[in-house]
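Chemist:
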Amino acid sequence: MTESIAGLEHQFETLEQQHEAGWLGMWAFLATEIMFFGGMFTGYVIYRWAYFGAFAAGSKDLEIWAGTLNTLVLICSSFTMVLAVHAAETGERRGQIGFLLATMFLGTVFLGVKGYEWTTLFRDHHVPGIGFHFSGPYQNTAQIFFSFYFALTGMHALHMVVGVGLLTFLLVKAWRAEFTPAHHAAVDIIGLYWHFVDIVWIFLFPLLYLVDRHR
Amino acid sequence: MSMVQTAPSYLEDGHGLASWLLTRDHKRIALLYLVSIIGFFFLGAIFAGLIRVNLLSPQGDLVRPQTYNTFFTMHGLIMIFFFLIPSIPAVLGNFVLPLMIGARDLAFPKINLLSWYIFIVGGLFTISAGLFGGVDTGWTFYTPFSSIYSNSNVVLTVIGIFIVGFSSILTGLNFIITTHTMRASGMTWFRLPLFIWALYATSLIMVLGTPVLATTLVLVALERVFHLGIFDPSRGGDPIYFQHLFWFYSHPAVYIMILPSLGVMSETITCFARRRIFGYNAIAFSSLGIAVIGFLVWGHHMFVSGQSVYVGMMFSLLSFLVAIPSAIKVFNWMATLYGGTIAFDTPMLYSLGFIGLFTVGGLTGLYLAAMGVDIHVHDTYFVVAHFHYIMVGGAVMGFMAGLHYWWPKITGRLYPEVWGRLAAIITFLGFNLTFFPQFILGYLGMPRRYHMYPPEFQALNVLSSAGASILGIGYLLPVIYLLWSLRRGQVAGPNPWRATGLEWQTPSPPPTANFEAPPVVREEPYSYPTWEAQID
Amino acid sequence: MSGVTVSRKTYAGVWGSLVVLTLLTAGIAYLDLGVLNPVAAITIAVIKMALVALFFMHLRYTRIRLTYVFTAAGLLWLALLMAFTWTDVITRHPIVPPPPWPANDVTSHMSIFKAK
Amino acid sequence: MGAVLPLFPPVASTYARQEDLLFYFLVAVTLFFVLLIFGSIFFFAVRYRRRTPDERAQPTRPNLPLEVAWTVIPLVIALVIFVWGAKLFFVAMRPPAQAVEVTVVGKQWMWKIQHADGTREINALHIPVGTPIKLILTSEDVIHDFFVPAFRIKRDVVPGRYTTAWFEATTPGTYHLFCAQYCGTNHAAMIGSVVVMEPADYERWVRARTSPVLPASAGAVLFQRLGCSSCHQTNTNAKAPALAGLFGQQVTLADSRQVTADMDFLRDHILTPGKTPVAGYPQIMPTYQGQVSEEQILELIAYVRSLARAERSQGGS
Chain E
1 MTESIAGLEH
11 QFETLEQQHE
21 AGWLGMWAFL
31 ATEIMFFGGM
41 FTGYVIYRWA
51 YFGAFAAGSK
61 DLEIWAGTLN
71 TLVLICSSFT
81 MVLAVHAAET
91 GERRGQIGFL
101 LATMFLGTVF
111 LGVKGYEWTT
121 LFRDHHVPGI
131 GFHFSGPYQN
141 TAQIFFSFYF
151 ALTGMHALHM
161 VVGVGLLTFL
171 LVKAWRAEFT
181 PAHHAAVDII
191 GLYWHFVDIV
201 WIFLFPLLYL
211 VDRHR
Chain D
1001 MSMVQTAPSY
1011 LEDGHGLASW
1021 LLTRDHKRIA
1031 LLYLVSIIGF
1041 FFLGAIFAGL
1051 IRVNLLSPQG
1061 DLVRPQTYNT
1071 FFTMHGLIMI
1081 FFFLIPSIPA
1091 VLGNFVLPLM
1101 IGARDLAFPK
1111 INLLSWYIFI
1121 VGGLFTISAG
1131 LFGGVDTGWT
1141 FYTPFSSIYS
1151 NSNVVLTVIG
1161 IFIVGFSSIL
1171 TGLNFIITTH
1181 TMRASGMTWF
1191 RLPLFIWALY
1201 ATSLIMVLGT
1211 PVLATTLVLV
1221 ALERVFHLGI
1231 FDPSRGGDPI
1241 YFQHLFWFYS
1251 HPAVYIMILP
1261 SLGVMSETIT
1271 CFARRRIFGY
1281 NAIAFSSLGI
1291 AVIGFLVWGH
1301 HMFVSGQSVY
1311 VGMMFSLLSF
1321 LVAIPSAIKV
1331 FNWMATLYGG
1341 TIAFDTPMLY
1351 SLGFIGLFTV
1361 GGLTGLYLAA
1371 MGVDIHVHDT
1381 YFVVAHFHYI
1391 MVGGAVMGFM
1401 AGLHYWWPKI
1411 TGRLYPEVWG
1421 RLAAIITFLG
1431 FNLTFFPQFI
1441 LGYLGMPRRY
1451 HMYPPEFQAL
1461 NVLSSAGASI
1471 LGIGYLLPVI
1481 YLLWSLRRGQ
1491 VAGPNPWRAT
1501 GLEWQTPSPP
1511 PTANFEAPPV
1521 VREEPYSYPT
1531 WEAQID
Chain V
2001 MSGVTVSRKT
2011 YAGVWGSLVV
2021 LTLLTAGIAY
2031 LDLGVLNPVA
2041 AITIAVIKMA
2051 LVALFFMHLR
2061 YTRIRLTYVF
2071 TAAGLLWLAL
2081 LMAFTWTDVI
2091 TRHPIVPPPP
2101 WPANDVTSHM
2111 SIFKAK
Chain X
3001 MGAVLPLFPP
3011 VASTYARQED
3021 LLFYFLVAVT
3031 LFFVLLIFGS
3041 IFFFAVRYRR
3051 RTPDERAQPT
3061 RPNLPLEVAW
3071 TVIPLVIALV
3081 IFVWGAKLFF
3091 VAMRPPAQAV
3101 EVTVVGKQWM
3111 WKIQHADGTR
3121 EINALHIPVG
3131 TPIKLILTSE
3141 DVIHDFFVPA
3151 FRIKRDVVPG
3161 RYTTAWFEAT
3171 TPGTYHLFCA
3181 QYCGTNHAAM
3191 IGSVVVMEPA
3201 DYERWVRART
3211 SPVLPASAGA
3221 VLFQRLGCSS
3231 CHQTNTNAKA
3241 PALAGLFGQQ
3251 VTLADSRQVT
3261 ADMDFLRDHI
3271 LTPGKTPVAG
3281 YPQIMPTYQG
3291 QVSEEQILEL
3301 IAYVRSLARA
3311 ERSQGGS
């Protein structure tokens, strides 16, 4: 009897129950993600308090245009993502494919800009480690800032890469026209993940790029 | 009894390796976990044995210091991350949670299987770190020792623990969502067995605490490889920040280990006293209370670490508060025993032993929460004795109680009762002989993680090692008779203990779909018959 | 899982606000507001988070109340981790101020216990 | 020492006596509850054992007063222990003003101890009975922990900062000194002894020492040799703050915070000058990380402290 409903897995009674479980599962997972980044945010807060001058100096050394551009790129990608979800809700296959592709493209642009920034920092010897060099009064404390910069942006970029992978999975399914207005939980749920990664960046931007800019 | 089984039991539903390794049935995954954690348990126990042999003499004659350090590190890592944390949740919880709430499976069966594979991969990493030179940081990975000074295989180990953390997160997530969305009709929250409440509270900790451990370990590995300097004082870092992050997970992790055992107690005590639980609400909410307040006490590991004394005071106060829900549980079980009809089957003997040892372990926790006394006993064998009373006397006894309790359900067979009782008694006695002397050693001032010690501590150490060998017998016996029972044991029938609860209303072993028809719940949990009902 | 299909116009409005807020936060960073600089930056970030969560993530439209509980739990636990660690760091100073000067040589050293 | 089966550690400091009192109280509480629980288990096990397979139990009735009682009574006991323990902790954390300072530097795997008069010891600490001793602890490498069971004191020795502990020995004798924080391969060998002596014996021990150099004098020499004196001058147009009278004062930082110029402050400014720049001076000081040992930092700090002392005794008299 239960097998007759398309797309219903054996452990659930109804599709609604199945969707609810998937939705809640993703939100619970996002709660764990908050804590995953939270450990590093905590460190950021206490070190920024202790080494404010170094954080300001390090922050001014980052390219603000790159940070702002990336923020805008991610916001646009969230917008295209939500439009892809919308297309799934209304069952427009071409819309799904188009917006998923746009989201993936914007995600890749983000990673490209990030890669450019990292290369610049590497060239300037601002990568923590033996070769670290920073001129000016904060030569021996600025490394802490860059440690957090690389740990946080690195972890975030890793999440972006995973996100692009998940979008590819969605794209294949959209291509095969597997999403119907009644059954498109995967788009919904992966969309949540993508927006979460966006939110993390929304916080990283002011924390990393905008420390004491006015001075 | 002629059993007309319409569906084959989960054990017979498919044979061959692939039917096990690719299964999505929570019951089979539970058995995969059972076999793996038993393996890890005896691996950890071998290290424990080597530690105890080494400590027979004050000079620590058995092995060199460095080897001893890798022994206690591996003992701690394996026992905590690969045995205690998955023990009750991933084995017993996995098996009985869907049965208890009347569901066909967990909400995410594929993720459930995935978490077992993650567990195994994490285990392989950690074991390979042990093989390729070992790791000598202690399970606590304190920086800057782990991040700079240790010459052992820290990164590989850290990766292993990082990976296994995700197994724990996914299991917790699965349990939470399953409990929320998959309860049978009529199974309201206050009709849930208390074991489910305990598992829910445990999952809460797994989901919200484990990611912080993951972050911490990533930072340690990065620090070691790239010299980030976040925990390194010579680069401006703060080692205490590591301790905060580490204990934010690792203190609640203690509750991951003990809460499920407390849940098992509520099942076994009611079943073998055959009496409805006293104070259902108090026990249910004390589980949640422990999980929540348990997150706010981590600083009591850091009273002498150089953390602020004011924060220390706050942590001390909260630590005393978290003792209260544990006390409430014990009193409620005593009140349940009062006026019951108590039978002394093996699970009950383990449970009564549990209550005793947990009481001692809990009360000695007060010494450690009291800041003035903690100064003296911190990082001594007093602490070692205390947490073994909680984790071995508590969590492992609880696991044994649960395993024996649900064994007939899992396998459909009964084990030989006499041997079971004997093992329970041997375990209890051996345990006390092993760990009670360590309280005295600790107050005398013997620090932990010493491979040699002043000669006046020898007598107590010898006593402890003697106890460990008895304890070893107590753990080996069940392996023998439980394996024996698989083929030769008496057929159990659906409900050998005449217990309440949905898991006993389906055949043993249950069919793959758990129930022949979706169950409907119409009464409170633990509705055992009483005098009154007889008069009516 | 919303059960409600939100109009594209709403999404576009949210997107526009997010862009404006991004430019705003970058601009404000160049004004000297003293302690208000980080406050403004975090406030704007929180508003942006709320917009994304409420509209793009459908938090505003969902029927499943539990979603709020899960989100709140994640944020609350993060707050606890930060608050307790932070409290330690800012109150770590010794409970007695350093003495004017130590008993720094043998004579003062000996005089103490001779006085006993 | 030497007993075959000791059950209780020696009590050899004022703090040990106070701490043992709370310990005895805790033992009493433990015994009470252990007897209560074990006693009830045995009693119930006998009284309510199942006599026939079909025997039925008494109905479970709610009993709110009972539940409140076993919540409130343990809570009160717990709070009493909390307050008592916290008060003790503050005793242990608050050294008396007249305490004699001893500096301790831990390294893998030895204790390097220096007395206030400059005498150095390794893995041993000789002290007179009845004198409060304040330990200033730091580490060269990993976290260690200075633990003397007979005194019931223990304090982590953290690299990069100073922690303190204090005690007043009450009984002459030789006591164990352990490292209690795991610190690597020979952690168990990082032990030593604390020798508590009668005043007369101690005086004899002091006299037998070759006249050591005072830490402050050694610091003054270093101050010249490292070139500190070229910037930290007393005249008004110096490039760096004058250090006389600095120690223990409130200092305003560049970000307008106020901090006390204590040992950690001085240490940070020698090793990581850019961490908390001081208001009114350009941040030009180079780091001395790697150029000075932990002991030398302590000597430099002793020198700066002695300047404060000279300043104050001038102003005071």
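Line by line, the protein sequences are chains E, D, V and X.
In terms of the numbering used here, the first sequence opens at residue 1 and continues consecutively.
In terms of the numbering used here, the second sequence opens at residue 1001 and continues consecutively.
In terms of the numbering used here, the third sequence opens at residue 2001 and continues consecutively.
In terms of the numbering used here, the fourth sequence opens at residue 3001 and continues consecutively.
Heads up, the beta-carbon is just placed ideally off N, CA and C, and yes, glycines get one too.
Source: prediction; values computed, not measured.
#1: Could you check whether D:T1512 and D:D1025 sit closer than 7 Å to each other, using their CB atoms as the reference points?
#2: Starting from the beta carbon of V:T2025, find every residue of chain E whose beta carbon is closer than 8 Å, and list them in chain order.
#3: Is the stretch 2045-2056 of chain V touching the stretch 2014-2030 of chain V, taking contact as three or more C-beta pairs under 8 Å?
#4: Run down chain D in chain order and give the residues with a C-beta less than 8 Å from the C-beta of X:N3186.
#5: Go to D:R1390, then tell me how far its alpha helix (DSSP H) extends in each direction, as first and last residue.
#6: Reducing DSSP to helix, strand and coil, say where X:G3106 ends up.
#7: Where does X:E3299 fall in DSSP's three states?
#8: How would you list, in chain order, the residues of chain D whose beta-carbon sits under 8 Å from the beta-carbon of E:P128?
#9: Suppose the cutoff is 6 Å on Cβ atoms and the five residues either side in sequence are ignored; what does the same chain contact list for D:Q1059 look like?
#10: Quick one, are the C-beta atoms of E:T80 and E:F99 less than 7 Å apart?
#11: Report the neighbours of V:Y2030 on chain E: residues whose CB is nearer than 7 Å to its CB, in chain order.
#12: Is DSSP giving E:E9 helix, strand or coil here?
#13: Along chain E, which residues have their Cβ under 8 Å away from the Cβ of D:L1208?
#14: Where X:V3304 and D:N1151 are concerned, what is the direct C-alpha to C-alpha distance, given to the nearest angstrom?
#15: How many angstroms separate the CA atom of D:Y1381 from the CA atom of X:S3229?
#16: Buried or exposed: where does X:T3210 fall if 16 or more other Cβ atoms within 10 Å of its Cβ makes it buried?
#17: With DSSP collapsed to three states, give me the class of E:W194.
#18: Give a yes or no on whether the minimum CB-CB distance between D:I1324 and chain X is below 7 Å.
#19: Between D:L1092 and D:F1071, which are expected to be in contact by the criterion C-beta below 8 Å, what is the C-beta distance as a whole number of angstroms?
#20: Using the C-alpha atoms, what's the distance from X:E3295 back to D:S1351?
#21: Assuming contact is defined by CB atoms lying nearer than 7 Å, are E:M26 and E:L192 in contact in what I supplied?
#22: Is any beta-carbon of chain D found at less than 7 Å from that of V:R2092?
#23: For D:M1003, which of helix, strand or coil comes out of DSSP?
#24: For D:I1258, which residues from the same chain have a beta carbon less than 7 Å from its beta carbon, with the 5 sequence-adjacent residues on both sides left out?
#25: Does the CB of E:M26 have a neighbour CB from chain D at under 7 Å?
#26: Should D:E1516 be flagged as near chain X, meaning a C-beta pair shorter than 7 Å?
#27: Among the residues of its own chain, which have a CB less than 8 Å from the CB of D:I1375, if the five just before and after it don't count?
#28: When the Cα atoms are used, what is the spatial distance from D:L1204 to D:A1291?
#29: Just reading off the alpha helix (DSSP H) that D:L1460 is part of, what are its end residues?
#30: Rounded to the nearest angstrom, what separates D:A1369 and D:H1300 at their Cα positions?
#31: What three-state label does DSSP hand X:L3177 in the structure shown?
#32: At least one CB of chain E closer than 7 Å to the CB of D:Y1173: is that the case?
#33: Counting contacts by CB-CB distance shorter than 7 Å, is D:T1023 in contact with chain E?
#34: Name the residue from D:L1222, D:F1515 and D:I1118 whose alpha carbon lies nearest to the alpha carbon of D:S1167.
#35: Along the stretch 1468-1487 of chain D, where does the CB come closer than 7 Å to a CB of chain X? Name the residues.
#36: List the residues of chain V that E:V197 touches, going by C-beta distances under 7 Å, in chain order.
Modeler: Working from what's here:
#1: For the purposes of this step, residue 1025 of chain D is taken as residue 25 along the second sequence, with counting starting at 1. For the purposes of this step, residue 1512 of chain D is taken as residue 512 along the second sequence, with counting starting at 1. A contact, by the Cβ cut-off of 7 Å.
#2: Indexing the third sequence from 1 puts residue 2025 of chain V at position 25. Within chain E, the residues near V:T2025 are F205, P206 and L210.
#3: With the cut-off at 8 Å, the stretch 2045-2056 of chain V and the stretch 2014-2030 of chain V touch.
#4: What you label residue 3186 of chain X is simply residue 186 of the fourth sequence in a count that begins at 1. By Cβ distance, chain D contributes P1065.
#5: Translated into the one-based positions of the second sequence, residue 1390 of chain D becomes position 390. Contrary to the premise, residue 1390 of chain D reads as Ile rather than Arg in this sequence. It spans Y1381 to I1390 - the alpha helix (DSSP H) in which D:I1390 sits, taken as one unbroken run.
#6: On the fourth sequence, position 106 is the one that residue 3106 of chain X refers to. In the three-state reduction of the DSSP assignment, X:G3106 falls in the strand class.
#7: What you label residue 3299 of chain X is simply residue 299 of the fourth sequence in a count that begins at 1. Three-state DSSP puts X:E3299 in a helix.
#8: Position 128 of the first sequence, counted from the first residue, corresponds to residue 128 of chain E. Those within 8 Å of E:P128 in chain D are F1226, H1227, L1228 and G1229.
#9: Walking along the second sequence from the start, residue 1059 of chain D turns up at place 59. Here the set comprises M1452.
#10: Sequence index remark: in the first sequence, residue 80 of chain E carries index 80 (1-based). Sequence index remark: in the first sequence, residue 99 of chain E carries index 99 (1-based). Yes.
#11: For the purposes of this step, residue 2030 of chain V is identified with residue 30 of the third sequence, where counting begins at 1. Simply R213 and H214.
#12: Here the question's residue 9 of chain E lines up with position 9 in the first sequence. Assigned with DSSP and collapsed to three states, E:E9 falls in coil, not helix or strand.
#13: One-based indexing of the second sequence puts residue 1208 of chain D at position 208. Correct list: A31, T32 and M35.
#14: For this step, residue 3304 of chain X is matched to residue 304 along the fourth sequence. For this step, residue 1151 of chain D is matched to residue 151 along the second sequence. C-alpha separation (whole angstroms): 38 Å.
#15: Along the second sequence, one-based indexing puts residue 1381 of chain D at 381. Along the fourth sequence, one-based indexing puts residue 3229 of chain X at 229. Computed Cα separation, rounded: 50 Å.
#16: The residue labelled residue 3210 of chain X in the question sits at position 210 within the fourth sequence. With fewer than 16 Cβ atoms within 10 Å of its Cβ, X:T3210 is classed as exposed.
#17: Numbered from its first residue, the first sequence carries residue 194 of chain E at position 194. Residue state, collapsed to three classes: helix.
#18: Indexing the second sequence from 1 puts residue 1324 of chain D at position 324. With 7 Å as the cut-off, D:I1324 counts as an interface residue toward chain X.
#19: Sequence index remark: in the second sequence, residue 1092 of chain D carries index 92 (1-based). Sequence index remark: in the second sequence, residue 1071 of chain D carries index 71 (1-based). The pair is not a contact, with the Cβ atoms about 29 Å apart (cut-off 8 Å).
#20: The sequence position of residue 1351 of chain D within the second sequence is 351, counting from 1. The sequence position of residue 3295 of chain X within the fourth sequence is 295, counting from 1. Each residue's alpha carbon lies about 56 Å from the other.
#21: Position 26 of the first sequence holds residue 26 of chain E. Position 192 of the first sequence holds residue 192 of chain E. Yes.
#22: By one-based count along the third sequence, residue 2092 of chain V stands at place 92. Chain D contact via Cβ: present.
#23: Residue mapping note: residue 1003 of chain D aligns to position 3 of the second sequence, counting from 1. Below a pLDDT of 50, predicted positions are generally treated as unreliable, and D:M1003, at 48, falls in that range; the measurement from the model is reported next regardless. Residue state, collapsed to three classes: coil.
#24: If you number the second sequence from 1, residue 1258 of chain D lands on position 258. For D:I1258, where only same-chain residues beyond five positions count, the Cβ hits under 7 Å are I1390, G1394 and A1395.
#25: In the first sequence, residue 26 of chain E corresponds to position 26, counting from 1. With 7 Å as the cut-off, E:M26 does not count as an interface residue toward chain D.
#26: Start at 1 with the first residue of the second sequence, and residue 1516 of chain D comes out as number 516. No, its Cβ sits nowhere closer than 7 Å to a Cβ of chain X.
#27: Here residue 1375 of chain D refers to the residue found at position 375 when the second sequence is read from its first residue. F1303 and V1304.
#28: Along the second sequence, one-based indexing puts residue 1204 of chain D at 204. Along the second sequence, one-based indexing puts residue 1291 of chain D at 291. Cα to Cα, D:L1204 sits roughly 7 Å from D:A1291.
#29: Translated into the one-based positions of the second sequence, residue 1460 of chain D becomes position 460. That run of the alpha helix (DSSP H) goes Q1458 to R1488.
#30: Along the second sequence, read from residue 1 onward, the residue named residue 1369 of chain D stands at position 369. Along the second sequence, read from residue 1 onward, the residue named residue 1300 of chain D stands at position 300. Taking the straight line joining both Cα atoms gives about 6 Å.
#31: Residue mapping note: residue 3177 of chain X aligns to position 177 of the fourth sequence, counting from 1. X:L3177 falls in the strand class under three-state DSSP.
#32: Taking the first residue of the second sequence as position 1, residue 1173 of chain D is located at position 173. The amino acid occupying residue 1173 of chain D in the given sequence is Leu; Tyr does not appear at that position. Closer than 7 Å to some Cβ of chain E, the Cβ of D:L1173 qualifies, so yes.
#33: Your numbering for residue 1023 of chain D matches position 23 in the second sequence. D:T1023 does not count as touching chain E.
#34: Working through the second sequence from its first residue, we reach residue 1167 of chain D at position 167. Out of D:L1222, D:F1515 and D:I1118, D:I1118 has the C-alpha closest to the C-alpha of D:S1167.
#35: Those residues of the stretch 1468-1487 of chain D that come within reach of chain X (Cβ to Cβ, closer than 7 Å) do not exist; the list is empty.
#36: Locating residue 197 of chain E in the first sequence gives position 197, counting from the first residue. Simply none; closest approach about 10 Å.
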